[in-house]
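J.: Protein chains in written order, with my numbering: chain A, 13 to 339; chain U, 2 to 320.
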């Protein structure tokens, strides 16, 4: 029920900074990003390899590898995630936030059946009998459109096809009825017809369960199917963010515009635009000023010296000294 | 005469099990495929995993032997080329792979990898270096790249090196197997552009094998759609992908997520997944997932027929 009153955000991230310490020096993978998500809302986090999108997803769950440090604040339903540990952290991961990754085989336990894994998860978080846990697992498998759920309960991950594995993983992620789902490239490893099924499933879950979602993807097509708001990342920063439709229709940042132009169209015919010149910069040697300026067709004098900050215009925000013309 | 032609190619792989490696079944990887490509043309080959597109590519290159059927290069059977003049064949046909790291030796500067196809030519070091320089220039890489090692290059640069390596012998045909699939979106377009330019300048023909329909549409003159080892539809890229006849092509096209929030209305996604190639359905191989399937489809395999000039489809009911 939307009463028009401002809703408290489910997740609020302020000035998130992620630094990796390696023998080559300190590397800032994410450099001060802020965003918030309300219940039932989907944020699409897009960008190319190394832009910091997956690391952001990991940081939200406190799953950063050793040697990485996160700064800033991650506030979930009023509590600070960065301070969580022990049982509270366990509860947060799973019961509050579910996660789905690109490769379901590496996320599923190969020696336990799907049913055993689901029952184990349920019992770790709730006081339930094995029998009712199994029943619940079967219900959730059914809800994610798994064919023959009772048989799948006793199947092992390797016995399932790629699409069924991804469904099983999604079932496990929503088993404890989390309010937020973090999905990192959930369809990237799948064939296109199976990808369409998974997109449809995620759309349905979002509508039926009012599930908020952070969709991390390099595929602007997938993001366009699912996201309400979008954040385009480049070299660890947001370069453009806001209402997905507005951003995709009238991108203001030249990087967003270039990405959208780089996708060949199925309907427009043989159209080979140049894409974006150059390649993604080495995070250890980021260009000064705006990190995108060496590749930017619209770069002007201050771009190599002054880092542009995000400024709001209408329902989107972008960080550019010389933005593309608006609508 | 087509530059490269494959006729009725069949390749099966034995499925073996146990200590004795007994054959317990057969995978029909490529099942009676006939295709060709003319000079300076691109044939796009699309399909999902396990459809046999990569195996088909390997058969066409002579890297695998077909069970039946033949490959003709300039009208001559591949077997004759291999017997008579293998080096000459390797100059006619080259390959670009998905991951250039697979074809580049990590311990050698890329100069050596690029020059590798010239080996049998007995050129002087100076001539080789000049050819490498020229090849790098053609793929728009700076000359310093010659002495770099593969790990020092970005993904896009490595793929350009892979293309330089294929192009250095001025081949007539290049097989591109998922050649841009591992590249970032912004870099992918640069590489596609490069391939198109080289085709224009040198008249090279491509087979462009990819799972990405939009990419195939952007580079191909003709496309062939494969499902479980067979071509189910073939014709001009524009016609096939904008007005598909085969229900499978139709479903593939509909399933591609468009980066356009206004294009959310999609047909019901295709149910289920591709059956195991070990158990190809009887009759029409697509019938288990086909919305049009009827009893006849289980009995009778539809032949790939030319139903209008240049447009082939294997369906009892379409167009």
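Yeah, the Cβ is synthetic: ideal placement off N, Cα and C, and Gly gets one too. Quick caveat: nothing in here was measured; it's all calculated off a predicted structure.
1. How would you write the range of the beta strand (DSSP E) that residue 12 (chain U) sits in, first residue to last?
2. What separation, rounded to the nearest whole angstrom, lies between the Cα atoms of residue 105 (chain U) and residue 112 (chain U)?
3. Distance check for residue 280 (chain U) and residue 130 (chain A), CA to CA, integer angstroms please.
4. If you follow the alpha helix (DSSP H) that residue 260 (chain A) is part of, which residue opens it and which one closes it?
5. How would you label residue 246 (chain U), buried or exposed, when you count the other beta carbons within 10 angstroms and need 16 or more for buried?
6. Near residue 119 (chain A), what residues of its chain come up, given a Cβ to Cβ distance below 7 Å and the 5 sequence neighbours on each side ignored?
7. Distance check for residue 261 (chain U) and residue 44 (chain A), CA to CA, integer angstroms please.
8. I need the straight-line Cα distance from residue 62 (chain A) to residue 46 (chain A), nearest angstrom please.
9. In its own chain, which residues sit with a C-beta less than 7 Å from the C-beta of residue 69 (chain U), not counting the 5 before and 5 after it?
10. Leaving out five residues on either side along the sequence, give the residues of the same chain with a beta carbon under 8 Å from the beta carbon of residue 288 (chain U).
11. Buried or exposed for residue 99 (chain U), please, with buried defined as at least 16 other CB atoms from any protein chain shown within 10 angstroms of its CB.
12. In three-state DSSP terms, what is residue 278 (chain U)?
13. Let me know the secondary structure DSSP gives residue 104 (chain A) once reduced to three states.
14. Mind checking who residue 267 (chain A) pairs with in its DSSP beta bridge?
15. How is residue 196 (chain A) classed by DSSP in three states: helix, strand or coil?
16. Identify the continuous alpha helix (DSSP H) that holds residue 48 (chain A) and give its terminal residues.
17. Alpha carbon to alpha carbon, how far is residue 95 (chain U) from residue 22 (chain A)? Give it in angstroms, no decimals.
18. Do you know how far the Cα of residue 286 (chain U) is from the Cα of residue 249 (chain U)?
19. Please classify residue 304 (chain A) as buried or exposed, where buried requires at least 16 neighbouring CB atoms within 10 angstroms.
20. So residue 73 (chain U) is in the beta strand (DSSP E); what residue range does that whole segment cover?
21. Would you be able to state if there are at least three C-beta pairs under 8 Å between the region 56-70 of chain U and the region 121-128 of chain U?
22. Any C-beta of chain B sitting closer than 8 Å to the C-beta of residue 281 (chain U)?
23. In whole angstroms, what is the alpha-carbon distance linking residue 208 (chain U) and residue 174 (chain U)?
24. Counting contacts by CB-CB distance shorter than 8 Å, is residue 220 (chain A) in contact with chain U?
25. Using a beta-carbon distance below 8 Å, is residue 36 (chain A) in contact with chain U?
26. Alpha carbon to alpha carbon, what distance is there between residue 176 (chain A) and residue 15 (chain A)?
27. Buried or exposed for residue 65 (chain A), please, with buried defined as at least 16 other CB atoms from any protein chain shown within 10 angstroms of its CB.
28. Run through the region 169-222 of chain U for me and flag every whole alpha helix (DSSP H) of 4 or more residues, listed as ranges in chain order.
29. Specify the secondary structure class of residue 125 (chain A) as computed by DSSP and reduced to three states.
30. DSSP state of residue 223 (chain A), grouped into three classes?
31. By the DSSP assignment, the alpha helix (DSSP H) with residue 82 (chain U) in it spans what residues?
T.: On the basis of the supplied data:
1. Within the second chain, numbered from 1, the residue matching residue 12 (chain U) stands at position 11. In the DSSP annotation of this structure, the continuous segment of the beta strand (DSSP E) that includes residue 12 (chain U) starts and ends at 5-18.
2. The count along the second chain starts at 1 and reaches residue 105 (chain U) at position 104. The count along the second chain starts at 1 and reaches residue 112 (chain U) at position 111. Roughly 10 Å separates the two Cα atoms.
3. The residue you call residue 130 (chain A) lines up with position 118 of the first chain. The residue you call residue 280 (chain U) lines up with position 279 of the second chain. Whole-angstrom Cα-Cα distance: 31 Å.
4. As a working note, residue 260 (chain A) is residue 248 in the first chain. Residue 260 (chain A) -> alpha helix (DSSP H) spans 256-261.
5. By one-based count along the second chain, residue 246 (chain U) stands at place 245. Classification of residue 246 (chain U): buried, given that the 10 Å Cβ count is 16 or more.
6. Counting from 1 along the first chain, the entry for residue 119 (chain A) is found at position 107. These residues qualify, in order along the chain: 113, 181.
7. Here residue 44 (chain A) is taken as the residue at index 32 of the first chain, counted from 1. Here residue 261 (chain U) is taken as the residue at index 260 of the second chain, counted from 1. One Cα belongs to residue 44 (chain A), the other to residue 261 (chain U), and the distance between them is close to 29 Å.
8. Along the first chain, one-based indexing puts residue 62 (chain A) at 50. Along the first chain, one-based indexing puts residue 46 (chain A) at 34. Straight through space, the alpha carbons of residue 46 (chain A) and residue 62 (chain A) are spaced by roughly 18 Å.
9. Position 68 of the second chain, counted from the start, is the residue given in the question as residue 69 (chain U). So the qualifying residues of the chain are 9, 11.
10. On the second chain, residue 288 (chain U) is found 287 positions in, with the first residue counted as 1. Counting only Cβ-Cβ distances below 8 Å, and skipping sequence neighbours, we find 282, 294, 298, 299.
11. Taking the second chain and counting its residues from 1, one reaches residue 99 (chain U) at position 98. Buried, since its Cβ has 16 or more Cβ neighbours within 10 Å.
12. Here residue 278 (chain U) corresponds to residue number 277 of the second chain, with the count starting at 1. Coil.
13. By 1-based counting over the first chain, the position of residue 104 (chain A) is 92. Reduced to three states, the DSSP call for residue 104 (chain A) is helix.
14. By 1-based counting over the first chain, the position of residue 267 (chain A) is 255. Partner(s): none; residue 267 (chain A) has no beta bridge.
15. As a working note, residue 196 (chain A) is residue 184 in the first chain. Here residue 196 (chain A) sits in strand by DSSP.
16. Your numbering for residue 48 (chain A) matches position 36 in the first chain. Residue 48 (chain A): not part of any alpha helix (DSSP H); member of the beta strand (DSSP E) spanning 37-49, first to last residue.
17. For this step, residue 22 (chain A) is matched to residue 10 along the first chain. For this step, residue 95 (chain U) is matched to residue 94 along the second chain. Going by the C-alpha atoms only, they are around 55 Å apart.
18. In the second chain, counting from the first residue as 1, residue 249 (chain U) sits at position 248. In the second chain, counting from the first residue as 1, residue 286 (chain U) sits at position 285. Those two C-alpha atoms are separated by around 11 Å.
19. The residue you call residue 304 (chain A) lines up with position 292 of the first chain. Classification of residue 304 (chain A): buried, given that the 10 Å Cβ count is 16 or more.
20. Counted from its first residue, the second chain places residue 73 (chain U) at position 72. 69-74 is the extent of the beta strand (DSSP E) around residue 73 (chain U).
21. Segments in contact, no.
22. Judged by its chain identifiers, the structure shown contains no chain B, and its protein chains are A and U.
23. For the purposes of this step, residue 208 (chain U) is taken as the residue at position 207 of the second chain. For the purposes of this step, residue 174 (chain U) is taken as the residue at position 173 of the second chain. Cα to Cα, residue 208 (chain U) sits roughly 8 Å from residue 174 (chain U).
24. Counted from its first residue, the first chain places residue 220 (chain A) at position 208. It does not; no Cβ of chain U falls within 8 Å.
25. Along the first chain, read from residue 1 onward, the residue named residue 36 (chain A) stands at position 24. Not an interface residue.
26. Counting from 1 along the first chain, the entry for residue 15 (chain A) is found at position 3. Counting from 1 along the first chain, the entry for residue 176 (chain A) is found at position 164. Bear in mind that the predicted position of residue 15 (chain A) carries a pLDDT of just 43, short of 50, making it unreliable; the figure below should be weighed with that in mind. Each residue's Cα considered, the two are about 39 Å apart.
27. Within the first chain, numbered from 1, the residue matching residue 65 (chain A) stands at position 53. Looking at its Cβ environment, which holds 16 or more other Cβ atoms inside 10 Å, residue 65 (chain A) is buried.
28. 186-203, 214-220
29. Looking up residue 125 (chain A) in the first chain gives position 113. Of the three classes helix, strand and coil, the one that applies to residue 125 (chain A) here is coil, per DSSP.
30. As a working note, residue 223 (chain A) is residue 211 in the first chain. Three-state DSSP puts residue 223 (chain A) in coil, outside helix and strand.
31. What you label residue 82 (chain U) is simply residue 81 of the second chain in a count that begins at 1. Here the alpha helix (DSSP H) through residue 82 (chain U) covers 79-85.
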